[in-house]
Structure formats: structure tokens, C-alpha cells
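Take 1 as the starting number for the sequence shown in our numbering and just add one per residue. Built from N, CA and C at the ideal position, the CB exists for glycine as well. Let me begin by presenting the structure, written as C-alpha cells, before commenting on it.
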Amino acid sequence: MWSKYEPRSPKHWGKACRDYIQQDSYRSMQGTLWGLGQLLAVFLYIYTGMVIVV
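Given below as C-alpha cells:
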């Protein structure tokens, strides 16, 4: 995904993000949902870990 862009400046990263989203908006939607799921899983993991520790 990032291999064709040199991460030298934020403009490169922005262009890569834009191209990726325009390339396949459905895939980016799936990625967003997956990212939210990962955040939720990490939050639950930390929360239950704190409960167990306390």
C-alpha cells in the first residue's frame, strides 16, 4: 500500500491516503470498521486487565 510512496513529507502520506481511498472506497470502509473493532478490543483488553489487577 505504502511501497510506492517515499515517506519524506506529510504531503506524500496525504497523497497516498487520498489515492488509496479513491482507489477503493469500499475497502477503506472495511478498514475503518476493522480499525474501530481493534480499538474496541484493545480497550476491553485494557479494561478487563485493570479489573483483574485491581
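Which residues in the same chain as Q38 place their Cβ atom closer than 8 angstroms to its Cβ, once the five residues preceding and following it in sequence are excluded?
none
Distance check for A41 and G49, CA to CA, integer angstroms please.
12 angstroms
Counting C-beta neighbours from all protein chains within 10 Å, is the total for Q30 16 or more, i.e. buried, or is it exposed?
Q30 should be labelled exposed.
C-alpha gap between L36 and I46, whole angstroms
15 angstroms
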